[in-house]
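Residue numbers (this note's numbering), protein chains in the order written: chain A, 252 to 389; chain B, 252 to 389; chain C, 252 to 389; chain D, 252 to 389; chain E, 252 to 389; chain F, 252 to 389.
Following: one structure in structure tokens, then a few remarks.
6 protein chains.
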Amino acid sequence: MATVRLVDESEATGAVAAIFADIKATKKLDSVPNFWRVLATNPTQLELVWTRLKSIMHPEAEGRTGRLDPLTREIIALAVSATNGCAYCINSHTAAVRKLGLDVEALGEVMAVVALFNGTNAIANGYQIEPDVFPPLD
Amino acid sequence: MATVRLVDESEATGAVAAIFADIKATKKLDSVPNFWRVLATNPTQLELVWTRLKSIMHPEAEGRTGRLDPLTREIIALAVSATNGCAYCINSHTAAVRKLGLDVEALGEVMAVVALFNGTNAIANGYQIEPDVFPPLD
Amino acid sequence: MATVRLVDESEATGAVAAIFADIKATKKLDSVPNFWRVLATNPTQLELVWTRLKSIMHPEAEGRTGRLDPLTREIIALAVSATNGCAYCINSHTAAVRKLGLDVEALGEVMAVVALFNGTNAIANGYQIEPDVFPPLD
Amino acid sequence: MATVRLVDESEATGAVAAIFADIKATKKLDSVPNFWRVLATNPTQLELVWTRLKSIMHPEAEGRTGRLDPLTREIIALAVSATNGCAYCINSHTAAVRKLGLDVEALGEVMAVVALFNGTNAIANGYQIEPDVFPPLD
Amino acid sequence: MATVRLVDESEATGAVAAIFADIKATKKLDSVPNFWRVLATNPTQLELVWTRLKSIMHPEAEGRTGRLDPLTREIIALAVSATNGCAYCINSHTAAVRKLGLDVEALGEVMAVVALFNGTNAIANGYQIEPDVFPPLD
Amino acid sequence: MATVRLVDESEATGAVAAIFADIKATKKLDSVPNFWRVLATNPTQLELVWTRLKSIMHPEAEGRTGRLDPLTREIIALAVSATNGCAYCINSHTAAVRKLGLDVEALGEVMAVVALFNGTNAIANGYQIEPDVFPPLD
Numbered sequence: 252m253a254t255v256r257l258v259d260e261s262e263a264t265g266a267v268a269a270i271f272a273d274i275k276a277t278k279k280l281d282s283v284p285n286f287w288r289v290l291a292t293n294p295t296q297l298e299l300v301w302t303r304l305k306s307i308m309h310p311e312a313e314g315r316t317g318r319l320d321p322l323t324r325e326i327i328a329l330a331v332s333a334t335n336g337c338a339y340c341i342n343s344h345t346a347a348v349r350k351l352g353l354d355v356e357a358l359g360e361v362m363a364v365v366a367l368f369n370g371t372n373a374i375a376n377g378y379q380i381e382p383d384v385f386p387p388l389d
Numbered sequence: 252m253a254t255v256r257l258v259d260e261s262e263a264t265g266a267v268a269a270i271f272a273d274i275k276a277t278k279k280l281d282s283v284p285n286f287w288r289v290l291a292t293n294p295t296q297l298e299l300v301w302t303r304l305k306s307i308m309h310p311e312a313e314g315r316t317g318r319l320d321p322l323t324r325e326i327i328a329l330a331v332s333a334t335n336g337c338a339y340c341i342n343s344h345t346a347a348v349r350k351l352g353l354d355v356e357a358l359g360e361v362m363a364v365v366a367l368f369n370g371t372n373a374i375a376n377g378y379q380i381e382p383d384v385f386p387p388l389d
Numbered sequence: 252m253a254t255v256r257l258v259d260e261s262e263a264t265g266a267v268a269a270i271f272a273d274i275k276a277t278k279k280l281d282s283v284p285n286f287w288r289v290l291a292t293n294p295t296q297l298e299l300v301w302t303r304l305k306s307i308m309h310p311e312a313e314g315r316t317g318r319l320d321p322l323t324r325e326i327i328a329l330a331v332s333a334t335n336g337c338a339y340c341i342n343s344h345t346a347a348v349r350k351l352g353l354d355v356e357a358l359g360e361v362m363a364v365v366a367l368f369n370g371t372n373a374i375a376n377g378y379q380i381e382p383d384v385f386p387p388l389d
Numbered sequence: 252m253a254t255v256r257l258v259d260e261s262e263a264t265g266a267v268a269a270i271f272a273d274i275k276a277t278k279k280l281d282s283v284p285n286f287w288r289v290l291a292t293n294p295t296q297l298e299l300v301w302t303r304l305k306s307i308m309h310p311e312a313e314g315r316t317g318r319l320d321p322l323t324r325e326i327i328a329l330a331v332s333a334t335n336g337c338a339y340c341i342n343s344h345t346a347a348v349r350k351l352g353l354d355v356e357a358l359g360e361v362m363a364v365v366a367l368f369n370g371t372n373a374i375a376n377g378y379q380i381e382p383d384v385f386p387p388l389d
Numbered sequence: 252m253a254t255v256r257l258v259d260e261s262e263a264t265g266a267v268a269a270i271f272a273d274i275k276a277t278k279k280l281d282s283v284p285n286f287w288r289v290l291a292t293n294p295t296q297l298e299l300v301w302t303r304l305k306s307i308m309h310p311e312a313e314g315r316t317g318r319l320d321p322l323t324r325e326i327i328a329l330a331v332s333a334t335n336g337c338a339y340c341i342n343s344h345t346a347a348v349r350k351l352g353l354d355v356e357a358l359g360e361v362m363a364v365v366a367l368f369n370g371t372n373a374i375a376n377g378y379q380i381e382p383d384v385f386p387p388l389d
Numbered sequence: 252m253a254t255v256r257l258v259d260e261s262e263a264t265g266a267v268a269a270i271f272a273d274i275k276a277t278k279k280l281d282s283v284p285n286f287w288r289v290l291a292t293n294p295t296q297l298e299l300v301w302t303r304l305k306s307i308m309h310p311e312a313e314g315r316t317g318r319l320d321p322l323t324r325e326i327i328a329l330a331v332s333a334t335n336g337c338a339y340c341i342n343s344h345t346a347a348v349r350k351l352g353l354d355v356e357a358l359g360e361v362m363a364v365v366a367l368f369n370g371t372n373a374i375a376n377g378y379q380i381e382p383d384v385f386p387p388l389d
């Protein structure tokens, strides 16, 4: 159970109601996910997080074209969330990649890559291996 | 400086020399990266890690077709490594995505998505937000 | 469900009973939190953790004055727990900051700062940005 | 060494130059920290991160009053960065808390609290201790 | 609830059925743990993970002798899982160390060491302490 | 470079000098490691950390018998440090396990186990796999 009371859509007014509406329209959802209902307990933060997430994850909604496609962005989100062990986020981004067409077998590949590098990260750190020499990316 | 002495290519023999050759051929490299030279201090582990990494990251080399393309796989590797703060791995996978055509602006998008979800993971965990309801992926 | 059986207050004797009493008195609680009931399965560890936590978090109880006030200490505890995603700890320290007067809006600011820097940590690590030059703190 | 080339102040133009100037003015700095010079390789991301950081960490610069004071905000930043082991961020936020008056002894208390709860987080997770019962914060 | 449907033992055929049988025989279990039933949604990954885990954790089953004894290996697994806060893994490896004879008091020592170094790691990182000088291990 | 100035052995007096002497005697070292020289900037914290570490890692020095042997304790310390990517700690605990007789091949096994479970932790979390049923440890 969340440590704060979730704001219900029916009680949202003003800026919060407008953001709730924008979230549902942009993400094509019927209801506002719990994440945003919790953030609404501090409207300033709700707006900051939504504005940034919308800009990064839905550039199309702002008339910009992202360099990464929507599925790649959601796969990164899932990889980060699995690495951090965030239950809410894993459920949410698994649903998102599924909606974007990733099936259970391809999800298995995502998890295989995530697991592989969580493992090799521990090896490289655990032996304090020095980076090979590469020039910085210009 | 690594906590163990790196195995030099010139001193590798037998199974280790064969794996070193396979690494260079599969990854089209002129020299063996430090990671593998450290793992070679325990040849059994060298083989286990290389076999698995080759299978997951280079399925084409084994005549299989992966469901994810090579750039997506390297982007996941970089996202995991940035989340874990693994210096060696970040350098290595940044070089890999660059080789596969990702420029500095697109790298900025990858980092933006990685940062965004490391942030929202902390929020979702920090409030103990319960997952929205989704059916399991069949 | 915890992986070990919790020690009940009614079955505690000797040193464990004394520590349980000290925990309730120092923290002004009516019952012993689960954390301490689990640690009581190894009385040596119970004493080590409680002694240290009391000294750091309740210096006033030992006649010392801490340099940080109690609310700041609990906010740090919550920030660390949110970053690590520790469910028990997040619940416990959210209750503590609430008791010390932090309302839901101010909690939103704490979470905003926690999320912001979990994000920027990933960016700074993800690009391997070198520290700016600062002299060490004397 | 960073994986991308840092943007020099002298080569910044347009929106990037304006943000560089705002960073120096808001943070009262003589030069632009490396973090922002790296982010400038993708101007959209530079703007998104700076806008959000300014709003959360410098609400006074926007005519708003934060609920947390500047030192508490920087202490949270340092606690998160120490937990994640982000070298750049630790250096940067240690310099910030020092500027705001935290001396080396008080820094010792911050680190003691950070260490204590990184330890107890592992215990609470390691035994899978169930949360004590608390009502959500209204 | 897992984000994918678990493969039931009764529906497993071919390579998956063979691996399920090998898992039960090698680990002396009556049923296949959930972890492997989830991995079976991608048979290639099931095989890769099982092959590697068997080689590292059950070398005896392959006629090799490991340098670490089985209890030490499971203690490492538990220490890593507690540090990462992985609920499934903590439950599983606690059951494993128990089966291998570790009682609740000794488990308390494992957790004490895990907690201690999660704490000191944060201190060493938090102050950016430079390593003492040691020669690499030959 | 550490963010604070290290306390030199030659300038230590009173309680700090006594703890420095105890560290060298207990750990059979010729000089005080950097970790303790940094902690000495806050003598109260130096004492708290040393007292606890001595009790957990050197119970023999206090006339108690630990349930884990010294090598197992140091292996856990190394596994935790590799998982957290703490450079100082990895160097320090690698030196410790080496002193206790672990050679480079056995170190390879430790790292293999650490890497394996950092990987499987990500899988178990990444699919949100529910724990198998085990009774709590009595």
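Backbone N, C-alpha and C define an ideal beta-carbon position, used for all residues, glycine too.
Everything numeric in this text was worked out from a predicted model, so none of it was measured.
#### Entry: Where V255 of chain B falls: helix, strand or coil (DSSP)
strand
### Query
Which word fits S343 of chain C, buried or exposed, when buried means at least 16 other C-beta atoms lie within 10 angstroms of its C-beta?
buried
#### Entry: Short Cβ contact (8 Å threshold) for L322 of chain A with G352 of chain A
yes
### Query
For the alpha helix (DSSP H) that I270 of chain B lies in, which residues bound it at each end?
265-278
### Task
With a cut-off of 8 Å on the beta carbons, I'd call A333 of chain C and N376 of chain B a contact; round off their distance for me.
6 Å
### Query
Can you give, in chain order, each stretch of the alpha helix (DSSP H) that sits fully within the region 318-353 of chain C and has at least 4 residues?
321-335, 338-350
### Contact with chain A by T345 of chain C, beta-carbon distance below 8 Å
yes
### Task
With a threshold of 16 other CB atoms inside 10 Å of the CB of E405 of chain E, please say whether the residue is buried or exposed.
Residue 405 of chain E is absent from the model: chain E starts at 252 and stops at 389.
### Per-residue burial, G265 of chain E [other beta carbons within 10 Å of its own, 16 or more giving buried]
exposed
### Query
Which residue from D:A357, D:L297, D:G317 puts its Cα closest to that of S306 of chain D?
D:G317
### Task
Check the Cβ-Cβ distances between L358 of chain C and every residue of chain A, and say whether any is below 8 Å.
yes
### Three-state secondary structure (DSSP) of T302 of chain A
helix
### Message
If I follow the unbroken alpha helix (DSSP H) through L314 of chain F, where does it start and stop?
### Response
First, the residue type needs correcting, since residue 314 of chain F is Gly and not Leu in the sequence shown. Run containing G314 of chain F: none; DSSP gives neither H nor E here.
### Sequence-distant residues of its chain with Cβ nearer than 7 Å to L257 of chain E (five each side left out)
N285, R288, V289
### Task
Step through the CB atoms of chain A and report whether any lies within less than 8 Å of the CB of V255 of chain E.
yes
### Query
Hey, V331 of chain B and F368 of chain A are a contact pair by Cβ (cut 8 Å); roughly how many whole angstroms apart?
4 Å
#### Entry: Neighbourhood of P294 of chain D by C-beta distance below 6 Å, restricted to the same chain and skipping five residues each side
A266, V267
#### Entry: Cutoff 8 Å: G352 of chain F Cβ touching any chain E Cβ
no
#### Entry: Alpha-carbon to alpha-carbon, Q379 of chain D and R254 of chain C
The question names Arg, yet the displayed sequence has Thr at residue 254 of chain C. Cα-Cα distance, rounded: 6 Å.
### Query
Could you give the distance in angstroms between the alpha-carbon of P382 of chain F and the alpha-carbon of I341 of chain A?
17 Å
### Query
Hey, does G336 of chain A have any beta-carbon neighbour from chain E nearer than 8 Å?
yes
#### Entry: Buried or exposed by the 16-neighbour rule on C-beta atoms within 10 Å, applied to V364 of chain D
buried
### Task
Could you work out which residues of chain A lie near S306 of chain D, taking near to mean beta carbons separated by less than 7 Å?
L299
### Query
Quick one: which chain E residues come within Cβ less than 9 Å of N293 of chain C?
V355, E356, A357, L358, G359, E360, M362, A363
### Contact set between E381 of chain A and chain G, taken where Cβ atoms lie within less than 8 Å
As a matter of chain content, chain G is missing from the structure shown, whose protein chains are A, B, C, D, E and F.
### Task
Would you kindly work out how many angstroms separate the C-alpha atoms of A291 of chain A and L297 of chain A, rounded to a whole number?
5 Å
### Exposure label - E325 of chain D; buried when at least 16 CB within 10 Å
buried
### Query
So, is the C-beta of R315 of chain E closer than 8 Å to a C-beta in chain F?
no
### Task
Taking 8 Å as the cut-off, decide whether the C-beta atoms of G336 of chain D and G370 of chain F are in contact.
no
### Message
Give me the chain D residues within the contact set of A276 of chain C, using Cβ-Cβ distance strictly less than 7 Å, ordered along the chain.
### Response
Here the premise fails: no neighbours, minimum Cβ distance about 18 Å.
### Message
For chain E, check one thing: does any of its Cβ atoms lie closer than 8 Å to the Cβ of R288 of chain B?
### Response
no
### Chain-order list of residues whose beta-carbon lies under 6 Å from that of E311 of chain C (same chain, five-residue window excluded)
none
### Message
On a Cα-Cα basis, can you pick out the residue from B:L358, B:H309, B:L319, B:Y339 that is closest to L319 of chain A?
### Response
B:L358
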